[in-house]
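Working notes, beginning with the structure itself.
There are 2 protein chains.
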Amino acid sequence: MLKTLTEDGLDLLFRRARSHNGWLERPVGDDLLAQVYDLMKMGPTSVNSSPARFVFLRSEEAKRRLRPAISAGNIDKVMSAPVVAIIAYDLGFHDSLPQLFPHNPGIASLFVANPDLAESTAFRNGSLQGAYFMLAARALGLDCGPISGFDGAAVNREFFPDGKLKVNFLCNVGFGDYGKIFPRSPRLSFEQACSLL
Amino acid sequence: MLKTLTEDGLDLLFRRARSHNGWLERPVGDDLLAQVYDLMKMGPTSVNSSPARFVFLRSEEAKRRLRPAISAGNIDKVMSAPVVAIIAYDLGFHDSLPQLFPHNPGIASLFVANPDLAESTAFRNGSLQGAYFMLAARALGLDCGPISGFDGAAVNREFFPDGKLKVNFLCNVGFGDYGKIFPRSPRLSFEQACSLL
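Chains as they are written, first to last, in full-length UniProt numbering: chain A, 1 to 197; chain B, 1 to 197.
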């Protein structure tokens, strides 16, 4: 078994990967989306809660339903992406704990009794899973363009009217056009972001 | 440039990687923690906000400060880990936007004017960065044991008394003992977690 990723692999996932704004005319098959899911689902979540839910918009018609919720500067990026993933989380994730955490399904009662804990658990772990999704997509050769500039309440009304799911963020998915990326922005130094005790 | 990760790489990051409960007697050097940070910092965040902050507890003394906040079932895992990372987020992340988002530093005013937006942005993106951290650690040969079972208010009082940083989750880091892992729990199927529109 491999002990560390190769330099090429580190480049693919982290160092050379970029958020994309423009897309090559190359479709993304449903089979590839399923492969991304089958990888990202293995990432860790609290009590294996796995609260993330994904709605993949592939058709023009589906993307048109999203369009009114997108801020002006993001509309072209979203409408031109081969796939737009609505990355959501399920506030009723604990209903699945008998399947997901079979050695202690009673832990679901913790979340039933404490909706604030359920919401923060869903948001935190659904976000972790959003990151697993993007890195799994990159690992399989796809590029991502995550988007936070949209009207979440409007997305929820249009796609999740029963109120159980909440949108977390959007992620355009496809094969990116490296001619349309922005220069890489600086990052915080280790000393700025980390401390050693 | 590599187009997709090798099967070995997918195993390392996703398919064979596991959350760990026990640790080999092999130390984790500060240089390796810095390498993990230098990879994970490249992952995307909204407006490059990079709100995650990491406190690495390596000494017995530092871990003893954490101990009273840990739930009983997690104490041994935490105290025996070579490094415990407190993964936090900075509610004042927007103070760094002139450095991080130099082409539009004025965007910081959005977050100053809207503390709820600042908090949700910090929590969401700090969680994405927590996931990048775990996958970067695995990519460099480390194992992780993320922990949510602790008293967050107690961790904040002890480590972040000025109230600007908030703990998100804890993550034990080291070289895992595969003799002490639990059986892999089931995951939701593609059809359960995803829909195609």
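The C-beta atom is built at its ideal place from N, Cα and C for all residues, glycine as well.
Check: Span of the alpha helix (DSSP H) holding residue 143 of chain B?; Outcome: That residue, residue 143 of chain B, is in no alpha helix (DSSP H); its beta strand (DSSP E) goes 143-147.
Check: Is it right to say residue 31 of chain B is buried, meaning 16 or more other beta carbons lie within 10 angstroms of its own, or is it exposed?; Outcome: exposed
Check: Helix, strand or coil for residue 29 of chain B per DSSP?; Outcome: coil
Check: Given that a residue counts as buried once 16 or more other Cβ atoms are within 10 Å of its Cβ, and exposed if not, what is residue 112 of chain B?; Outcome: exposed
Check: Less than 7 Å between C-beta atoms, sequence neighbours within five positions excluded: which residues of the same chain meet that for residue 104 of chain A?; Outcome: none
Check: Between the segment 164-181 of chain B and chain A, which residues of the former have CB atoms less than 9 Å from a CB of the latter, in chain order?; Outcome: 168, 169
Check: Could you please give the first and the last residue of the uninterrupted beta strand (DSSP E) stretch that includes residue 90 of chain B?; Outcome: 83-90
Check: Ignore the nearest five residues each way along the sequence and tell me which others in residue 134 of chain A's own chain have a CB closer than 7 Å to its CB.; Outcome: 144, 146, 171
Check: Expressed to the nearest angstrom, what Euclidean distance is found between the alpha-carbon atoms of residue 83 of chain B and residue 175 of chain B?; Outcome: 10 Å
Check: What in chain B is Cβ-close to residue 71 of chain A, meaning under 8 Å?; Outcome: Within chain B, no residue comes near residue 71 of chain A; the closest Cβ sits about 12 Å away, beyond 8 Å.
Check: When the Cα atoms are used, what is the spatial distance from residue 188 of chain B to residue 7 of chain A?; Outcome: 32 Å
Check: For the beta strand (DSSP E) containing residue 53 of chain B, name the first residue and the last one.; Outcome: 52-57
Check: What residue range is occupied by the uninterrupted alpha helix (DSSP H) comprising residue 78 of chain B?; Outcome: 75-80
Check: Return the residue from the list A:64, A:45, A:87, A:95 that minimises the CA-CA distance to residue 166 of chain A.; Outcome: A:87
Check: I'd like the span of the alpha helix (DSSP H) that includes residue 163 of chain B, first residue to last.; Outcome: Note, residue 163 of chain B: premise wrong, no alpha helix (DSSP H); not H, not E.
Check: Helix, strand or coil for residue 48 of chain B, going by three-state DSSP, please let me know.; Outcome: helix
Check: For the segment 119-141 of chain B, which residues have a CB atom closer than 9 Å to at least one CB atom of chain A, in sequence order?; Outcome: 120, 121, 123, 124, 125, 126, 127, 128, 129, 130, 131, 132, 134, 135, 136, 138, 139, 140, 141
Check: My guess is that residue 194 of chain B and residue 54 of chain A are in contact by the Cβ rule of under 8 Å, so how many angstroms apart are they, rounded?; Outcome: 4 Å
Check: Using 10 angstroms around the beta-carbon of residue 129 of chain B, count the other beta-carbons present and answer buried if the total reaches 16, otherwise exposed.; Outcome: buried
Check: Measure the CB-CB distance between residue 92 of chain A and residue 164 of chain A and report whether it falls below 9 Å.; Outcome: yes
Check: Using a Cβ-Cβ cut-off of 6 Å (strictly less than) and excluding sequence neighbours within five positions of residue 155 of chain A, which residues of its own chain qualify?; Outcome: 69, 167
Check: Buried or exposed: where does residue 139 of chain A fall if 16 or more other Cβ atoms within 10 Å of its Cβ makes it buried?; Outcome: buried
Check: If you count every other CB in all the chains shown that lies within 10 Å of the CB of residue 109 of chain A, and 16 or more means buried, which is it?; Outcome: exposed
Check: Based on the DSSP secondary-structure assignment, which residues constitute the bridge partners of residue 173 of chain B?; Outcome: B:83, B:144
Check: Enumerate in chain order the residues of its own chain whose CB-to-CB distance from residue 151 of chain A is below 7 Å, with the five nearest sequence positions on each side excluded.; Outcome: 69
Check: To the nearest angstrom, report how far apart residue 35 of chain A and residue 23 of chain A are at their CA atoms.; Outcome: 20 Å
Check: Can you look up residue 182 of chain B in the DSSP assignment and give me helix, strand or coil?; Outcome: coil
Check: Measure the alpha-carbon distance for residue 13 of chain A versus residue 115 of chain A and round it to whole angstroms.; Outcome: 35 Å
Check: Express the C-alpha separation of residue 48 of chain A and residue 101 of chain A in angstroms, rounding to a whole number.; Outcome: 6 Å
Check: Below 9 Å between beta carbons: does that hold for residue 4 of chain B and residue 51 of chain B?; Outcome: no
Check: Is there a C-beta anywhere in chain A that falls below 9 Å from the one on residue 94 of chain B?; Outcome: no
Check: Whose CA, out of B:77, B:99, B:15, lies closest to the CA of residue 177 of chain B?; Outcome: B:77
Check: Relative to the C-alpha of residue 37 of chain B, which candidate in B:161, B:136, B:26 has its C-alpha closest?; Outcome: B:136
Check: Note down the Cα distance separating residue 57 of chain B from residue 125 of chain A, rounded to an integer number of angstroms.; Outcome: 23 Å
Check: With DSSP run on the structure shown, which of helix, strand or coil describes residue 196 of chain A?; Outcome: strand
Check: How would you list, in chain order, the residues of chain B whose beta-carbon sits under 7 Å from the beta-carbon of residue 151 of chain A?; Outcome: The contacting residues do not exist; residue 151 of chain A stays about 13 Å from chain B at best.
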